[in-house]
Amino acid sequence: MTLEKIIKETNCTIVDVRSHEEFMGGHVANSINIPLQTIPARIEELKGLNTPVVLCCASGNRSGQAQYFLSQHGLDCHNGGSWLEVNYYQSK
């Protein structure tokens, strides 16, 4: 399933892993902010979210790191790359 289909056709959760300040400067509607450095401490919270989880950040680097870590802990998650791209797919 493509990222666009996951965003449009599933009850996914969009998690933005940028800093709080970056998130407040603009983010995907209805996304939640869990900064990358807090992911390990919030693993149980993330496991309780609707899956799949689509992770995004500014470029895809931090969301890729988060996706790798979370997939190692059994979470169904996808690297959405830039929040702008995820926002575009959600708004189509």
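The opening position of the sequence shown corresponds to residue 1 in the UniProt record's numbering, with each subsequent residue numbered one higher. No residue lacks a Cβ here, since even glycine has one placed at the ideal position from N, Cα and C. Given the structure is predicted, the values throughout are model-derived calculations rather than measurements.
- Supposed contact pair residue 28 and residue 39 - C-beta distance, whole angstroms, cut 8 Å: Residue 39 to residue 28, Cβ: 18 Å. No contact.
- Item | Supposed contact pair residue 22 and residue 58 - C-beta distance, whole angstroms, cut 8 Å | Between residue 58 and residue 22 a beta carbon distance of about 7 Å is seen, short of the 8 Å cut, so the two are scored as contacting.
- Query: Start and end of the alpha helix (DSSP H) containing residue 86?
  - Reply: Taken as a continuous stretch (DSSP letters only), the alpha helix (DSSP H) holding residue 86 covers 83-91.
- Message: I'd like the list of long-range same chain contacts for residue 52, defined as Cβ closer than 7 Å, with 5 residues on each side in sequence excluded.
- Response: So the qualifying residues of the chain are 6, 10, 12, 76, 77, 78.
- Message: I'd like to confirm the pairing. Which residues does DSSP put opposite residue 14 in its beta bridges?
- Response: As a beta-bridge residue in DSSP terms, residue 14 pairs with 54.
- Task: Compare the C-alpha of residue 87 against each of 24, 30, 69, 63 and name the closest.
- Result: That would be 30, whose Cα lies nearest to the Cα of residue 87.
- Item | residue 70 classed as buried or exposed, judged by whether at least 16 other C-beta atoms fall within 10 angstroms | Around the beta carbon of residue 70, 16 or more other beta carbons sit within 10 angstroms, so the residue counts as buried.
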